[in-house]
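Each step along the sequence shown adds one to the number in the numbering used here, with nothing skipped, and position 143 is 149. Here a beta-carbon is modelled for each residue, glycine too, at the ideal position from N, C-alpha and C. As the structure is a prediction and not an experimental result, all values here were calculated from the model. Below: one structure, written as structure tokens.
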Amino acid sequence: MHVVVARPRVVKIEAVHVVLVVAVLVVMVVVIVAVTVVVEVVVVVVVVVVVVVVVVVVVIVVIVVIVVVVVVVVAAAVVAAVVAVVVVEEVGVLLLLLLLLLLLLLLLVVVVVVVVVVVVVVVVVVVVVVVVVVVVIKAEIPVVKLVM
């Protein structure tokens with residue numbers, strides 16, 4: 007009769023195993039940090055791109071509005087001049103010059119108001135972008151907490 011005695015296997019922990027485990031842990035931490043940084047950078051880039059697009063659209067709209075206002079005011083001035091010359095010949099040139107001066111003053115006021123509004127809008131947009139970027143960078147993302 008043969009008796010088989012089970013001998014426990016002795017697992018030797020070698021330096022190679024320790025190095026492999028440490029290497030895997032380091033790679034995991036590096037990947038987590040890299041993903042977190044990439045996500046933050048992508049969010050910031052998206053926010054900045056959206057803001058730039060909005061600012062460009064606002065500036066284009068303002069330019070179009072200014073051009074339309076100038077065309078309308080010039081057309082109104084021409085019509086008023088023709089009407090003044092045809093209808094009120096006796097008052098004549100003085101009335102015409104006064105009317106043109108008034109219309110040009112109106113045009114100047116409209117253009118100044120539009121430019122001021124555009125500057126205010128662009129400043130507000132830039133401030134909002136800066137605040138959003140700072141909030142995104144300072145945001146307490148769980149992965150960042152885990153890494154730090």
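Tell me which same chain residues have a C-beta within less than 8 Å of the C-beta of residue 83, skipping the five on either side of it?
-> Residue numbering aside, residue 83 sits at position 77 when the sequence shown is read from its first letter. The beta carbon of residue 83 lies closer than 8 Å to those of 105, 106, 109 and 110 in the same chain, with the five residues before and after it left out.
Report the three-state DSSP secondary structure of residue 18 (helix, strand or coil).
-> For this step, residue 18 is matched to residue 12 along the sequence shown. Assignment of residue 18 by DSSP, reduced to helix, strand and coil, places it in the coil class.
How many angstroms separate the CA atom of residue 29 from the CA atom of residue 39?
-> Here residue 29 is taken as the residue at index 23 of the sequence shown, counted from 1. Here residue 39 is taken as the residue at index 33 of the sequence shown, counted from 1. C-alpha separation (whole angstroms): 15 Å.
Residues near residue 71 in its chain [Cβ-Cβ closer than 8 Å; skip 5 each side] | For the purposes of this step, residue 71 is identified with residue 65 of the sequence shown, where counting begins at 1. Answer for residue 71: 120, listed in chain order.
For residue 12, which three-state DSSP category applies?
-> For this step, residue 12 is matched to residue 6 along the sequence shown. Residue 12 falls in the coil class under three-state DSSP.
Cα-Cα separation, residue 87 to residue 113 = Walking along the sequence shown from the start, residue 87 turns up at place 81. Walking along the sequence shown from the start, residue 113 turns up at place 107. Roughly 16 Å separates the two Cα atoms.
Within this structure, are the beta carbons of residue 57 and residue 135 separated by less than 8 Å?
-> Residue 57 sits at position 51 when you count from the first residue of the sequence shown. Residue 135 sits at position 129 when you count from the first residue of the sequence shown. Residue 57 places its beta carbon less than 8 Å from that of residue 135.
Rounded C-alpha distance that separates residue 24 from residue 138 = Within the sequence shown, residue 24 is the residue found at index 18, counting from 1. Within the sequence shown, residue 138 is the residue found at index 132, counting from 1. Roughly 44 Å between the two C-alpha positions.
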